[in-house]
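Residue numbers (my numbering): 2 to 181.
Okay, structure coming up:
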């Protein structure tokens, strides 16, 4: 059922299989899920759009944008409930390029196309300790609320947060840092 949490088997490199217990059935044949923290450690795009048979279709920094990507895919007229072999035969390279161009407007990319140095698997998740640390550093540097906003938008774990979560974290950091 669309919108329900489901168990999903993600296939990596054609052989490795990982069970995702909290994927969301986003559209017929398509799921959205957060990459496990043990996978793609240097990829900040932690949200994937997956085909029901386990292959990744696209990835995004935020859940919001992954869901926007699903909307684009469903508007394509492609029947994503078909099996993978049928889809590969039905979708030409030009159609795939066109889909990725459209997906880019929702900040979705081809899987594995975005890497950063180091372990960024926590992108999009934060703790109270992360808030306190960011506030302390911001206060020590005399940062304004605007400076904090700019810094957050380009650093882990903040850049991978959905809009409401980002705004909440920003407000907490600004308040603790006594920033204007």
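For glycine and all other residues, C-beta sits at the position ideal for the given N, C-alpha and C.
| Check | Outcome |
| --- | --- |
| What did DSSP end up calling residue 141 once you bin it into helix, strand or coil? | helix |
| Since I believe residue 81 is in contact with residue 61 (beta carbons under 8 Å), could you give me their beta-carbon distance rounded to a whole number of angstroms? | No, residue 61 and residue 81 are not in contact; Cβ-Cβ is about 17 Å, not under 8 Å. |
| Mind checking whether residue 1 and residue 124 have CB atoms under 8 Å apart? | For the chain, the structure presents residues 2 to 181; residue 1 sits outside this window and is missing. |
| Compute the Euclidean distance between the alpha carbons of residue 67 and residue 89, then round it to the nearest angstrom. | 21 Å |
| With residue 31 as the anchor, note down where its beta strand (DSSP E) starts and where it stops. | 31–35 |
| Ordered along the chain, which non-local residues of its own chain (more than five positions away) have a Cβ less than 7 Å from that of residue 29? | 81, 82 |
| Relative to the alpha-carbon of residue 107, which residue among 79, 139, 46 has its alpha-carbon at the smallest distance? | 46 |
| So does the stretch 2–9 actually touch the stretch 25–45, counting three or more Cβ pairs closer than 8 Å? | yes |
| Decide if residue 31 is buried, meaning its Cβ has at least 16 other Cβ atoms within 10 Å, or exposed. | buried |
| Could you check which residue in 9, 55, 65 has the C-alpha nearest to that of residue 16? | 55 |
| Please name the residue, chosen from 19, 150, 133, that lies closest to residue 164 on a Cα-to-Cα basis. | 150 |
| Helix, strand or coil for residue 21 per DSSP? | strand |
| Exposed or buried, which one is residue 147 when buried takes at least 16 other CB atoms within 10 Å? | exposed |
| Identify which residue in 50, 95, 40, 93 has its Cα closest to the Cα of residue 111. | 50 |
| Excluding the 5 residues flanking residue 85 on each side, which residues of the same chain have their C-beta closer than 7 Å to its C-beta? | 52, 54, 56 |
| Assign residue 118 to buried or exposed, taking buried as 16 or more other Cβ atoms, counted over all protein chains shown, within 10 Å of its Cβ. | exposed |
| Residues in the same chain with beta-carbon distance under 8 Å from residue 179, minus the five sequence neighbours each way, listed in chain order, please. | 140 |
| With DSSP run on the structure shown, which of helix, strand or coil describes residue 3? | coil |
| Would a C-beta distance cut-off of 8 Å place residue 74 and residue 58 closer than the cut-off? | yes |
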